[in-house]
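Numbering (my numbering), first residue to last: 1 to 127. For every residue, glycine included, the Cβ atom is placed at its ideal position computed from N, Cα and C. Presented below is the structure to which this report refers.
Here's what the structure looks like:
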């Protein structure tokens, strides 16, 4: 009876379940955001070359700069996590190790984003 099954019937219900497209779109959106925010960030950092701490803190505490900096940090950590997820899915074949690494990468990305945003908020709200 199994010789009458088509390959489509064998795999129906398995696979990415349409999550691959969402992952692809998120990668492209974060990459686009990083291009735009990266240009702003580069200009922002170059404008602060030679500045002392108080001048830099004052620049970060301006609302638009703080918002753009937080946007850059969120996009950066999210994009990094998505990229590492793809690398781990492609090259780690032991499911237990892959799961542990995926959880570790997500944890590190979320922790890094939270700490970075807290630092920006602390500077922005103190000034």
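So what's residue i in DSSP terms, helix, strand or just coil?
i	result
residue 169	The question about residue 169 has no answer here: the residues shown for the chain are numbered 1 through 127.
residue 92	coil
residue 122	helix
residue 28	helix
Using only CA atoms, which one of the options lies nearest to residue i?
i	options	result
residue 119	91, 79, 100 and 57	57
residue 75	24, 22, 29 and 125	29
residue 71	96, 114 and 53	114
residue 102	85, 109 and 40	85
residue 109	77, 94 and 93	77
residue 44	64, 25 and 33	64
residue 42	68, 100, 99 and 96	68
residue 40	60, 111, 25 and 24	60
residue 125	25, 62 and 97	62
Cβ of residue i within 9 angstroms of Cβ of residue j?
i	j	result
residue 116	residue 48	no
residue 123	residue 51	no
residue 79	residue 31	yes
Among the residues of its own chain, which have a CB less than 8 angstroms from the CB of residue i, if the five just before and after it don't count?
i	result
residue 105	81, 84, 85 and 88
residue 91	none
For residue i, I'd like the list of residues in its chain whose CB is within less than 6 angstroms of its CB, leaving aside the five on either flank, ordered along the chain.
i	result
residue 27	82
residue 33	75
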